C-alpha cells in the first residue's frame with residue numbers, strides 16, 4: 003500500500019521516485035554482457051569453419067561449438083532484454099542471431115553456399131554481357147526480375163555478382179527482419195514487440211531460402227506488400243502503392259504472386275483492405291505474366307494435382323537418407339511445429355475467446371500466416387511446395403506470436419495471479435526459445451558440407467563452358483557441381499536444356515553401388531549412339547551430397563571414378579583429390 007507523505011503545512015508531497023540507475027548500470031546490462039560473450043564465442047569459432055572436418059551431422063558437430071553457443075546466448079539475451087523491457091538490447095540480440103546464423107558462411111568461405119546459386123549467376127552474367135534475356139532457354143529467363151536487378155546493381159557499383167552472392171544471405175536476413183518489424187508496427191504493435199517479431203522471423207526462417215535467388219527477393223517484396231495492405235484500410239493510397247511492388251514481384255518469382263492473390267481476394271471480400279478490388283488487379287497482372295511464360299509453365303504443369311498431402315511431400319526419389327540428414331530433418335520440425343503450432347493456438351483461442359483479443363488484430367495476421375497452405379491444393383512445385391508454404395507463413399506467424407512471447411517473458415500478477423507460475427513461465431519460455439534456436443541452426447547448417455562449394459569446381463565448370471564447343475553434355479552423378487556459372491551456358495542450353503542433368507535421371511544410375519561395371523558399360527554404349535560430346539564430373543561435394551542424402555551407397559562415387567579412369571573410350575581430363583573430369587572419346591556410331 004502506497005503511503006502519501008504530508009508536509010508540515012498539510013499539503014501532500016509526491017512519493018519519492020525510484021533512484022535512477024547509474025550510467026554503468028544503463029550501459030552494462032545483463033543482455034549486453036550475454037551478447038558480448040555470444041559474439042566472442044562465435045568469433046573464436048570462425049577461423050575453424052573453413053577447415054572443419056566433414057561430419058555427417060553438419061557444421062554444429064564439426065568441432066565449432068562456438069557457433070551453437072553463440073546462437074543459444076543470443077536467444078537468452080533476447081529473453082533478458084524483454085524481461086527488462088529494453089528495446090535496444092532486444093534489437094542487438096536480433097542482430098547477433100543474424101551474425102551467428104548467416105554471416106558465418108559469408109566470412110568463413112570463399113564461394114556462395116549452394117550450387118543452385120551458380121545457375122542464377124549465369125543468368126546475371128548473360129544479362130550483363132548481352133543486355134537482354136534468353137527467353138525460353140530456362141525458367142530463370144522467364145522471371146528475371148531479381149537477376150536484372152543484381153546485374154544493374156553490379157554494373158552501377160562495380161561490385162561483382164559473385165561477391166554479392168557471398169554476402170547476400172546475411173543482408174537478406176537483415177532486410178527480412180526489418181520487413182517483419184515494419185509489418186508488426188503496421189498492426190500497431192509496440193516497438194519492443196515488433197523487434198521480438200523480427201527475432202522470431204529470423205530464427206524461424208531455417209529453410210535456407212535466403213541465398214541469392216528469386217524467392218529471397220520475393221519474400222522481401224511480399225512482406226512489404228503485406229505491410230502496405232495492412233495500412234490500406236486507414237490510408238487507401240497504400241493499397242495502390244502495392245501495385246509497382248507486385249509488378250516487380252511478378253517479374254521475379256512465379257509462385258509468390260499467387261499467394262498474394264489469395265490474400266487480397268480474401269481480405270477484399272471481408273473488407274479488411276482498400277481498395278477492396280485490388281485483388282482483381284493482381285489477378286490481371288499474374289494472368290498476363292502467365293500468358294507470356296505459358297511455354298515454361300506448361301512444361302512443368304500449371305496444376306500438379308489436387309492432392310494437398312501428396313503436394314506437401316518433398317522429392318526424395320526413393321533415396322535412403324543418412325542418419326545426419328534424418329537428424330537434420332527432425333531438427334527442422336522443431337521451429338516449424340513451434341511456429342505453426344503456437345500461431346494456430348493463438349489465432350484459434352483469440353478468435354473464440356474475446357478476452358484474448360486485447361493484444362492486437364487476429365484475423366488479418368492469421369490470413370497472412372495460414373493462407374499459403376491453400377497452394378498445396380494445386381501445386382507440388384517440384385517437391386518444394388511445403389518449403390514455400392513455410393516461408394510464406396513466417397511473417398504472419400511472427401505477428402501473432404510476438405505479443406504473447408513478450409507477455410510470457412514479462413509475466414506479472416495482473417496477467418498470472420499464481421506466484422509459482424510467474425516463476426516458472428519465463429524460464430520455460432527461455433528454454434523453449436533456446437531449443438527452437440538450436441533446431442533452426444541445425445536445420446540450416448546440417449547440410450553444410452553437402453552444400454559446400456569449392457573454388458576448383460567453379461573454375462573447372464567455367465573453363466569447360468568457355469572452351470568447349472556444343473553440342474556437348476556436362477553430366478554429374480548427383481547435385482554437387484556448380485553448373486551454369488557464366489553466360490556461355492546459354493550456348494549449350496539452347497541446344498539441349500538438359501545438357502547438364504544429373505545422372506540420377508538416367509535409367510539404372512540412382513542408387514547404384516558400382517561394385518561391377520554394368521552401369522558404366524551400358525552408359526558407354528548409349529553414348530556411342532549419341533552425336534554429342536560427353537563429359538562426367540565427380541567432385542568431393544557430389545560424394546558428400548550423395549552420402550548425406552543417400553543418392554548412392556557410401557563409396558559408390560569413388561568406385562565410379564575408378565571405373566571411368568580405366569574404361570576404354572574414356573579420357574581423364576582432370577584428376578585431383580577434390581575433382582575428376584572425364585571425357586568420352588570412344589567415338590559415335
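In our numbering, the protein residues as written are 3 to 591. For each residue, glycine too, the CB sits at the ideal point set by N, CA and C. None of the values given here were measured: they were computed from a predicted structure.
Residue 545 is positioned such that its CB atom lies closer than 8 Å to that of residue 559. Within the same chain, Cβ atoms closer than 8 Å to the Cβ of residue 37 are found at 75, 76, 79, 91, 94, 95 and 98, the five residues on either side in sequence being excluded. Distance from the CA of residue 234 to the CA of residue 126, rounded to the nearest whole angstrom, comes to 35 Å. Under DSSP, residue 504 takes part in a beta bridge, and its partners are 478.
The closest CA to that of residue 390, considering only 195, 216 and 192, is found on 216. As summarised for the stretch 110-155, the continuous alpha helix (DSSP H) elements at least 4 residues long and confined to that stretch are 118-132, given in chain order. Burial check for residue 229: the Cβ neighbour count within 10 Å reaches 16 or more, so the residue is buried.
Residue 464 sits in a helix when the DSSP states are folded into three classes. Contact annotation: the stretch 62-70 does not touch the stretch 461-471, with fewer than three C-beta pairs closer than 8 Å. Contact annotation, residue 424 with residue 413: C-beta distance approximately 5 Å; criterion of less than 8 Å satisfied.
Excluding residues up to 5 positions away in sequence, 72, 98 and 101 lie with their Cβ nearer than 8 Å to the Cβ of residue 41 in the same chain.
Residue 55 is not a Cβ neighbour of residue 496, given a cutoff of 8 Å. Burial check for residue 388: the Cβ neighbour count within 10 Å reaches 16 or more, so the residue is buried. Secondary structure of residue 372 (DSSP, three-state): helix.
The criterion of a C-beta distance shorter than 8 Å is satisfied by residue 268 and residue 373. Taking a cut-off of 8 Å on C-beta distances, the stretch 201-215 touches the stretch 434-449, as three or more cross pairs fall below it. Take the alpha-carbon of residue 402 and the one of residue 294: they are about 38 Å apart. Across the structure, residue 195 and residue 407 are spaced so that their CA atoms are roughly 9 Å apart.
In the DSSP annotation of this structure, residue 534 is not part of any alpha helix (DSSP H), being labelled neither H nor E. Residues of the same chain with a CB within less than 6 Å of the CB of residue 542, apart from the 5 flanking positions on each side, are 580 in chain order. Per DSSP, reduced to three states, the secondary structure at residue 577 is strand. In this structure, the CA atom of residue 521 is about 39 Å from the CA atom of residue 255. In this structure, residue 103 lies near residue 204, with their beta-carbon atoms less than 8 Å apart. The Cβ atoms of residue 166 and residue 176 lie no closer than 8 Å to each other. Exposed is the label assigned to residue 237, since fewer than 16 other Cβ atoms lie within 10 Å of its Cβ.
Taken in chain order, the stretch 44-92 contains no complete beta strand (DSSP E) segment of 3 residues or longer. A Cβ-Cβ distance of about 10 Å is found for the pair residue 547 and residue 327, leaving them out of contact under the 8 Å criterion. Closest by C-alpha distance to residue 346, out of 248, 369, 131 and 222, is 369.
Around the Cβ of residue 587, a 10 Å sphere holds fewer than 16 other Cβ atoms; the residue is exposed. Excluding the 5 residues flanking it on each side, residue 392 has same chain C-beta neighbours closer than 7 Å at 209 and 338, in chain order. The beta carbons of residue 510 and residue 524 sit about 6 Å from each other, so the pair counts as a contact at 8 Å.
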